[in-house]
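K.L.:
One structure coming up, written as structure tokens, with questions to follow.
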Amino acid sequence: MEYIRVADKAELPANKMILVVVAGKEVLLANVDGSYHAIANKCTHLGGSLSKGSLEGSIVTCPRHGARFDVKTGQAIGNARIGFIKMSVKDEVSYTVKVEGTDIFVGSA
Ligand code: FES
235 MEYIRVADKA
245 ELPANKMILV
255 VVAGKEVLLA
265 NVDGSYHAIA
275 NKCTHLGGSL
285 SKGSLEGSIV
295 TCPRHGARFD
305 VKTGQAIGNA
315 RIGFIKMSVK
325 DEVSYTVKVE
335 GTDIFVGSA
């Protein structure tokens with residue numbers, strides 16, 4: 235696996251998230267209490283940009299219809315909702331993250 239440097243730790247304070255690009259793919263990079271996690275940025279429901287959503291603990295909420303994912307695993311833990319209709323969503327792809335010094339790297343398969 236190839237690792238690509240995506241950010242400096244100074245760019246990503248605790249409990250924040252940013253959008254990075256890894257091998258042409260948009261990836262959400264999150265800092266959860268000092269540990270770094272990466273999942274695909276595109277919501278598996280209708281493609282909302284998760285990096286524009288909100289992060290609470292390790293749970294990101296999609297800004298479009300409220301689907302929720304765990305950034306540690308990519309697992310979908312909350313349905314999308316449009317009006318009164320709930321729709322289940324698929325898990326997100328998750329990526330390996332490593333830190334060397336102040337550099338954050340994301341693995342690209
Ligand atoms: S696009 Fe993310 S919940 Fe609909």
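For the sequence shown, position 49 (counting from the first letter as 1) is numbered 283 according to our numbering, and the numbering increases by one without interruption. Beta carbons are placed, not taken as given, at the ideal position from N, Cα and C, and that holds for glycine. These figures come from a predicted structure and were not determined experimentally.
At a threshold of 7 Å, does Gly-300 count as lining the ligand FES (C-beta to nearest heavy atom)?
P.N.:
As a first step, residue 300 is located in the sequence shown; it is residue number 66 there, counting from the start. Flag set: Cβ of Gly-300 near the ligand FES.
K.L.:
Return the residue from the list Met-235, Gly-312, Leu-280 that minimises the CA-CA distance to Thr-295.
P.N.:
On the sequence shown, residue 295 is found 61 positions in, with the first residue counted as 1. For Thr-295, the nearest C-alpha among the options comes from Gly-312.
K.L.:
Give the DSSP-derived three-state secondary structure of Glu-236 in the structure shown.
P.N.:
Counting from one through the sequence shown, the residue named residue 236 turns up at place 2. Glu-236 falls in the strand class under three-state DSSP.
K.L.:
I need the straight-line Cα distance from Leu-263 to Pro-297, nearest angstrom please.
P.N.:
Taking the sequence shown and counting its residues from 1, one reaches residue 263 at position 29. Taking the sequence shown and counting its residues from 1, one reaches residue 297 at position 63. Computed Cα separation, rounded: 16 Å.
K.L.:
Can you tell me where the beta strand (DSSP E) with Phe-303 in it begins and where it stops?
P.N.:
As a first step, residue 303 must be located in the sequence shown, where it is residue number 69. Note, Phe-303: beta strand (DSSP E), 302 to 304.
K.L.:
Note down the Cα distance separating Ala-314 from Asp-337, rounded to an integer number of angstroms.
P.N.:
The residue you call residue 314 lines up with position 80 of the sequence shown. The residue you call residue 337 lines up with position 103 of the sequence shown. If I take the Cα positions, the gap works out to 34 Å.
K.L.:
So the candidates are Ser-285, His-279, Val-255, Leu-246; which of them puts its Cα closest to the Cα of Asp-267?
P.N.:
Taking the first residue of the sequence shown as position 1, residue 267 is located at position 33. It is Leu-246.
K.L.:
Give the straight-line distance between the Cα atoms of Ala-244 and Arg-302, rounded to the nearest whole angstrom.
P.N.:
To locate residue 244, count along the sequence shown from 1; it is residue 10. To locate residue 302, count along the sequence shown from 1; it is residue 68. The alpha-carbon atoms of Ala-244 and Arg-302 are separated by roughly 26 Å.
K.L.:
Is it true that the CB of Tyr-270 sits closer than 8 Å to the CB of Val-333?
P.N.:
Translated into the one-based positions of the sequence shown, residue 333 becomes position 99. Translated into the one-based positions of the sequence shown, residue 270 becomes position 36. When the beta-carbon positions are compared, Val-333 and Tyr-270 come within less than 8 Å of each other.
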